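Residue numbers (our numbering): 308 to 429.
In this text, a Cβ means the ideal position worked out from N, Cα and C, and glycines have one as well.
In this text, all values refer to a predicted model and were calculated from it rather than measured experimentally.
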């Protein structure tokens, strides 16, 4: 009886140990993106060299590895069929501001992209 109790107790300890440390950094990421990541000048330059105008907001998010934040005021100002998002830059004065327009199927693609602050370069 004592042996069964010790076995059960050890099993519980192992289960809690695995549950406590399982996942690690994956728990901090959303779809593989660190929520605290910011766009660097190098990432912005690399994006400009691609067909960025064909990317959806989610595809651009994956490409940059940075979560976008909807600019609700600008989106509302542009009206139906538009989405305005910001990708945070390396400091609070820097961001990548992107205007997306929906096509007839509801797919959003960028119509303009403007960097501010440190993302503008020298």
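Let's see if you can read the secondary structure: which residues bound the alpha helix (DSSP H) around residue 352? Within the chain shown, the letter at position 45 stands for residue 352. Element bounds for residue 352: 348-355.
Close-in-space but distant-in-sequence residues of the same chain around residue 419 (CB under 8 Å, 5 per side omitted): Counting from 1 along the chain shown, the entry for residue 419 is found at position 112. Counting only Cβ-Cβ distances below 8 Å, and skipping sequence neighbours, we find 405 and 406.
Between the Cα of residue 387 and those of 364, 421, 408 and 359, spot the shortest distance and give me the residue it belongs to. Translated into positions along the chain shown, residue 387 becomes position 80. The shortest C-alpha separation from residue 387 is found at 408.
When the distance is taken between beta carbons, is residue 362 closer than 8 Å to residue 417? Within the chain shown, residue 417 is the residue found at index 110, counting from 1. Within the chain shown, residue 362 is the residue found at index 55, counting from 1. Cβ atoms of residue 417 and residue 362: closer than 8 Å.
Given residue 377 as reference, the closest of 392, 352, 368 and 340 once Cα atoms are compared: Taking the first residue of the chain shown as position 1, residue 377 is located at position 70. It is 392 whose Cα lies nearest to the Cα of residue 377.
Tell me whether residue 364 sits in a helix, a strand or coil according to DSSP, three-state version. Position 57 of the chain shown, counted from the first residue, corresponds to residue 364. Residue 364 falls in the helix class under three-state DSSP.
Per DSSP, which residues does residue 420 bridge with? Please list them. Mapped onto the chain shown, residue 420 falls at position 113. Paired residues: 405.
Whose C-beta lies closer than 7 Å to the C-beta of residue 348 among residues of the same chain, with five residues either side of it excluded? Residue numbering aside, residue 348 sits at position 41 when the chain shown is read from its first letter. Cβ within range, chain order: 425, 426 and 428.
Could you check if residue 339 is buried or exposed, using at least 16 other CB atoms within 10 Å of its CB as the buried criterion? On the chain shown, position 32 is the one that residue 339 refers to. Classification for residue 339: exposed.
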